[in-house]
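J.: Numbering (my numbering), first residue to last: 900 to 1166.
(1) Determine contact between the stretch 949-962 and the stretch 926-939, defined as no fewer than three beta-carbon pairs at a distance below 8 Å.
(2) Identify which residue in 1124, 1063, 1123, 1014 has its Cα closest to the Cα of residue 1117.
(3) Quick one: is residue 1099 buried, meaning 16 or more other Cβ sit within 10 Å of its Cβ, or exposed?
(4) Can you tell me the Cβ-Cβ gap for residue 1022 and residue 1031, rounded? I've got them flagged as a contact below 8 Å.
(5) For residue 1077, count neighbouring C-beta atoms within 10 Å of its own C-beta (all shown protein chains included) and say buried if the count is 16 or more, exposed if not.
(6) Just grab the DSSP bridge partners of residue 1017 for me.
(7) In whole angstroms, give me the CA-to-CA distance for residue 921 and residue 1154.
(8) Mind checking whether residue 937 and residue 991 have CB atoms under 8 Å apart?
(9) DSSP on residue 995, reduced to helix/strand/coil?
(10) Tell me, please, which residues DSSP counts as bridged to residue 1084.
(11) Using only the alpha-carbon positions, how far apart do residue 1112 and residue 1084 sit?
(12) Return the first residue and the last residue of the beta strand (DSSP E) that residue 1151 is part of.
(13) Does the distance from the CB of residue 1127 to the CB of residue 1082 come in under 8 Å?
(14) Going by C-alpha to C-alpha distance, which of 1157, 961, 1165 sits closest to residue 903?
(15) Going by DSSP, what residue range makes up the alpha helix (DSSP H) through residue 1034?
(16) Taking residue 1050 as the reference, give the member of 914, 1130, 971 with the closest Cα.
(17) If you reduce the DSSP assignment to three classes, tell me which class residue 1161 lands in.
(18) From which residue to which residue does the beta strand (DSSP E) around residue 1139 run?
(19) What do you get for residue 1003, buried or exposed, if any count of 16 or more other CB atoms within 10 angstroms of its CB means buried?
(20) Span of the alpha helix (DSSP H) holding residue 903?
(21) Alpha carbons only, please: which of 1163, 1063, 1024, 1009 is nearest the one belonging to residue 1109?
(22) Can you say whether residue 1008 is buried or exposed, counting buried as having 16 or more other CB atoms within 10 angstroms of its CB?
(23) Can you give the Cα-Cα distance for residue 914 and residue 1144, rounded to whole angstroms?
(24) Between which two residues does the beta strand (DSSP E) holding residue 1142 run?
(25) From residue 998 to residue 1103, what distance separates their C-alpha atoms?
(26) Given that a residue counts as buried once 16 or more other Cβ atoms are within 10 Å of its Cβ, and exposed if not, what is residue 1035?
(27) Could you pull the start and end residues of the beta strand (DSSP E) that residue 960 belongs to?
(28) By DSSP, does residue 933 sit in helix, in strand, or in coil?
(29) Grab me the residues of residue 1163's own chain with a C-beta within less than 7 Å of its C-beta, minus the 5 sequence neighbours each way, in chain order.
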């Protein structure tokens, strides 16, 4: 059995299939870990969602901001934007099943044996691994439960910008979402900068990439979201797998046991 982690697919199903063929991936034996953003912007979001859903127990998925965008359209009444490619999902005859499967995916995966976390955007230094898992389970319960509609109606926004244990309701859930699925630059006190464009590691004064801060643990973190990094974090501990497949770059696949990485050209 081999566990592979794949970067942001964004509906680039042909690249994913070519990559998995190269390594001889078998759902009866292997497991595909996805850092999220399965869908949107790419040519076959519907096919990608169907493919991953069919993998069943042979996949572990964490939700990315584009995956949440689909759920916000379904449960929060938000419109589909001109650059989105989620329309075919919403119109598909199996849309209800696919959406239900997606909303039951996790926000954070943690493998204690490997001391390895997988999240979409990152793991803020102001949270311990245990705390991050608690907040992930809290958000998952909201997404999967009766408060989903209220949350998705108000999910979008950059405030509050800094963690406070006293936060409650939608404001708390929005900030948890932003840490897990939108974070790039963060200040020492945990304040997020979500306005800076995706320009490598050059953030505004007082902010740095989330993976440059000290943590008290040794947990490795597999993440996506930040295509401009092209996977480069200058650290063996923080493993960036978004190499811009949908933007003309490559799809990344990593063997979680050996660390070997493979790349497949995208569009």
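In this text, a Cβ means the ideal position worked out from N, Cα and C, and glycines have one as well.
A quick note: this is a predicted structure, and the numbers were derived from the prediction, not measured.
T.: The relevant details are as follows:
(1) The stretch 949-962 vs the stretch 926-939: in contact.
(2) Indexing the chain shown from 1 puts residue 1117 at position 218. The shortest C-alpha to C-alpha distance from residue 1117 to any of 1124, 1063, 1123, 1014 is the one to 1014.
(3) For this step, residue 1099 is matched to residue 200 along the chain shown. With fewer than 16 other Cβ atoms within 10 Å, it is exposed.
(4) On the chain shown, position 123 is the one that residue 1022 refers to. On the chain shown, position 132 is the one that residue 1031 refers to. Contact flag correct, Cβ pair sits at about 6 Å.
(5) Numbered from 1 along the chain shown, position 178 holds the residue referred to as residue 1077. Buried: at least 16 other Cβ atoms inside 10 Å.
(6) Position 118 of the chain shown, counting from 1, holds the residue named residue 1017. According to DSSP, which records beta bridges pairwise, residue 1017 is partnered with 1008, 1121.
(7) To locate residue 921, count along the chain shown from 1; it is residue 22. To locate residue 1154, count along the chain shown from 1; it is residue 255. So the alpha carbons of these two residues sit roughly 13 Å apart.
(8) By 1-based counting over the chain shown, the position of residue 937 is 38. By 1-based counting over the chain shown, the position of residue 991 is 92. It is not a contact, given that the beta carbons lie outside the stated cut-off.
(9) Position 96 of the chain shown, counting from 1, holds the residue named residue 995. The answer is helix: DSSP assigns residue 995 an H, G or I state.
(10) Counting from one through the chain shown, the residue named residue 1084 turns up at place 185. Looking at the DSSP output, residue 1084 sits in a beta bridge with 1092, 1108.
(11) The sequence position of residue 1112 within the chain shown is 213, counting from 1. The sequence position of residue 1084 within the chain shown is 185, counting from 1. If you take the alpha carbons of residue 1112 and residue 1084, they lie about 11 Å apart.
(12) In the chain shown, residue 1151 corresponds to position 252, counting from 1. In the DSSP assignment, residue 1151 falls within the unbroken beta strand (DSSP E) covering 1149-1154.
(13) The residue you call residue 1127 lines up with position 228 of the chain shown. The residue you call residue 1082 lines up with position 183 of the chain shown. Contact: no.
(14) For the purposes of this step, residue 903 is taken as residue 4 along the chain shown, with counting starting at 1. Residue 903 has its Cα closest to that of 1157, out of 1157, 961, 1165.
(15) Stepping through the chain shown from its first residue, residue 1034 is reached at position 135. That run of the alpha helix (DSSP H) goes 1028-1043.
(16) As a first step, residue 1050 is located in the chain shown; it is residue number 151 there, counting from the start. Among 914, 1130, 971, the Cα nearest to that of residue 1050 is on 971.
(17) Working through the chain shown from its first residue, we reach residue 1161 at position 262. It is a strand residue.
(18) In the chain shown, the residue the question calls residue 1139 occupies position 240. 1137-1139 is the span of the beta strand (DSSP E), which, as asked, contains residue 1139.
(19) One-based indexing of the chain shown puts residue 1003 at position 104. Exposed is the call here.
(20) Within the chain shown, the letter at position 4 stands for residue 903. Residue 903 -> not in any alpha helix (DSSP H); beta strand (DSSP E) instead, spanning 902-905.
(21) Here residue 1109 refers to the residue found at position 210 when the chain shown is read from its first residue. Taking the Cα of residue 1109 as reference, the smallest distance to any Cα among 1163, 1063, 1024, 1009 is reached at 1024.
(22) As a working mapping, residue 1008 is identified with position 109 in the chain shown. Buried: at least 16 other Cβ atoms inside 10 Å.
(23) Residue mapping note: residue 914 aligns to position 15 of the chain shown, counting from 1. Residue mapping note: residue 1144 aligns to position 245 of the chain shown, counting from 1. The C-alpha of residue 914 lies about 8 Å from the C-alpha of residue 1144.
(24) In the chain shown, the residue the question calls residue 1142 occupies position 243. Per DSSP, residue 1142 lies in no beta strand (DSSP E) and is assigned neither H nor E.
(25) The residue given as residue 998 occupies position 99 in the chain shown. The residue given as residue 1103 occupies position 204 in the chain shown. Here the C-alpha atom of residue 998 lies approximately 37 Å from the C-alpha atom of residue 1103.
(26) Against the chain shown, residue 1035 aligns to sequence position 136. Answer is buried; the Cβ neighbour count reaches 16.
(27) Position 61 of the chain shown holds residue 960. Taken as a continuous stretch (DSSP letters only), the beta strand (DSSP E) holding residue 960 covers 958-960.
(28) Taking the first residue of the chain shown as position 1, residue 933 is located at position 34. In this structure, residue 933 counts as strand in the three-state DSSP scheme.
(29) For this step, residue 1163 is matched to residue 264 along the chain shown. Cβ-Cβ distances below 7 Å link residue 1163 to 914, 917, 918, 1149, 1150 in the same chain, with the five nearest sequence neighbours on each side left out; the list follows chain order.
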